[in-house]
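Have a look at the structure below, then the notes.
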Amino acid sequence: MKKVLLLRFGELFLKGNNRNIFENLLINNIKNKLNGLEFKFEKTFGRYVIHDYNINLEEEFVNRLTKVFGLYSLSRAFEVDATIEDIENKVLDIDCFNKTFKVCVKRADKKFPVSSMEFAKILGEKVLNKYTSATVDLYKPDIEIKVDIRLNGKAYIYDEIVKCQGGLPLGSAGNGLLLLSGGIDSPVAGYLIGKRGLKIDAIHFHSYPYTSLEAKEKVITLAKKLTDYVGNIKLHVISFTQVQEEIHRCCKEEYMITIMRRIMMRVASKICDKYNLGCIVTGESLGQVASQTMQSMAVTTACSTKPIFRPCIAMDKEDIMNIAKSIDTYQTSILPYEDCCTVFLPKNPLIKPKEDRVENEEKNLNISDLVNKCLENEEIIEIE
Numbered sequence: 001m002k003k004v005l006l007l008r009f010g011e012l013f014l015k016g017n018n019r020n021i022f023e024n025l026l027i028n029n030i031k032n033k034l035n036g037l038e039f040k041f042e043k044t045f046g047r048y049v050i051h052d053y054n055i056n057l058e059e060e061f062v063n064r065l066t067k068v069f070g071l072y073s074l075s076r077a078f079e080v081d082a083t084i085e086d087i088e089n090k091v092l093d094i095d096c097f098n099k100t101f102k103v104c105v106k107r108a109d110k111k112f113p114v115s116s117m118e119f120a121k122i123l124g125e126k127v128l129n130k131y132t133s134a135t136v137d138l139y140k141p142d143i144e145i146k147v148d149i150r151l152n153g154k155a156y157i158y159d160e161i162v163k164c165q166g167g168l169p170l171g172s173a174g175n176g177l178l179l180l181s182g183g184i185d186s187p188v189a190g191y192l193i194g195k196r197g198l199k200i201d202a203i204h205f206h207s208y209p210y211t212s213l214e215a216k217e218k219v220i221t222l223a224k225k226l227t228d229y230v231g232n233i234k235l236h237v238i239s240f241t242q243v244q245e246e247i248h249r250c251c252k253e254e255y256m257i258t259i260m261r262r263i264m265m266r267v268a269s270k271i272c273d274k275y276n277l278g279c280i281v282t283g284e285s286l287g288q289v290a291s292q293t294m295q296s297m298a299v300t301t302a303c304s305t306k307p308i309f310r311p312c313i314a315m316d317k318e319d320i321m322n323i324a325k326s327i328d329t330y331q332t333s334i335l336p337y338e339d340c341c342t343v344f345l346p347k348n349p350l351i352k353p354k355e356d357r358v359e360n361e362e363k364n365l366n367i368s369d370l371v372n373k374c375l376e377n378e379e380i381i382e383i384e
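What the sequence shown shows, in this note's numbering, is residues 1 to 384, in sequence order.
So, in structure tokens, the structure goes:
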């Protein structure tokens, strides 16, 4: 008998002939996440097992593993030989004194001589005989004793399930570019798209001296927090001061946000081309602000040569905030440092812009020159 961590994956069981590709990527991500810790890894059908690890570091293992996309849940478990006697002995070690309990058996190995339901009854009776103060509760027990009999000749006994991130293994969906501001929404978008397997770079537009150096550091901190979930991030920092000054000088005030967003999309598309990134990701939520109406997003999307993914598009602000809190980006996002979207903010921005009118207004600018200057001043920060 030994203490192990039993890992379960979620959506991967839906994959067909290419399931091994996803599993191999997930296993590699698990091992990378546990880098620096000593352990042994075993793969058995439908489960992964971490064993021979330092029990004193168990919480560190659990904390890291719960942030791996593709893992659905894990349990601190005891591994025993899949024999009736060994399983019974370990189940009886679980303290059920004066508690309600339930026994649940899963039998992946159909050669095991007793059916799942029958074995659960046998084990329950054994527990009642040992702990006379215990009672069975099939609906809301104090303890749910679980027995998982696998095809590797082992059985795993545990009484807790720790929820992990679920989703797909990071990197299984390719690579994209996240528009990362200092706000609440964009880090959440990065987390959500990472959960669907997309590995991200990030791009941040700043307008020093209209925006402070603290605002830039705030974004670096947000990117650092995201790395817990999405791995290392290459942050592309773009000086946007001249662009905003030119728009403010040459264009009507109400068009400023729309044109600014369109130039951002042009720059982001060029960055994608340069670094072989397949899409752009934003934190936009439908109707949240003037630039996020259906018409505004259609006009800005028209400037992108890449598909644009908007993971937060149908989410309420409260839902986005709750995720931000759960991934520890919220408190950083609400720090009072402005981002470039607050510079020269018009009193009455367009809510339903028309593309032809926006294009006509853009004729007052040398768009190509502004985009190229943005790219010339690109700063890359490796976030680990």
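Heads up, the beta-carbon is just placed ideally off N, CA and C, and yes, glycines get one too.
Since the model is a prediction, treat every value here as computed from it, not as a measurement.
| query | result |
| --- | --- |
| C-alpha gap between I308 and D356, whole angstroms | 21 Å |
| Within 7 Å, strictly: CB atoms of F69 and Q165 | yes |
| Euclidean distance between Cα positions of V114 and V103 | 15 Å |
| C-beta atoms of I238 and I383 nearer than 7 Å | no |
| For V237, the first and last residue of its enclosing beta strand (DSSP E) | 233 to 239 |
| Selection from R196, G190, G194 that minimises the alpha carbon distance to I203 | G190 |
| Alpha helix (DSSP H) runs contained entirely in the stretch 152 to 216, provided each spans 4 or more residues | 185 to 195 |
| Element boundaries [beta strand (DSSP E), containing L6] | 2 to 9 |
| Inter-residue spacing [alpha-carbon to alpha-carbon] between S291 and F39 | 49 Å |
| Where the alpha helix (DSSP H) containing L370 begins and where it ends | 367 to 376 |
| DSSP state of K106 mapped onto helix, strand, coil | strand |
| Endpoints, the alpha helix (DSSP H) within which K90 is located | 84 to 91 |
| C96 versus L123, I27, L74, residue with shortest Cα-Cα distance | L123 |
| Collapsed DSSP secondary structure at D273 in the structure displayed | helix |
| Any 3 or more C-beta pairs closer than 8 Å across the stretch 171 to 190 and the stretch 204 to 219 | yes |
| Contact set for I351: own chain, Cβ-Cβ below 8 Å, skip 5 residues either direction | A290, T293, Q295, S296 |
| Cβ shell of R262 (< 6 Å), same chain only, five flanking positions each side left out | T300, C303 |
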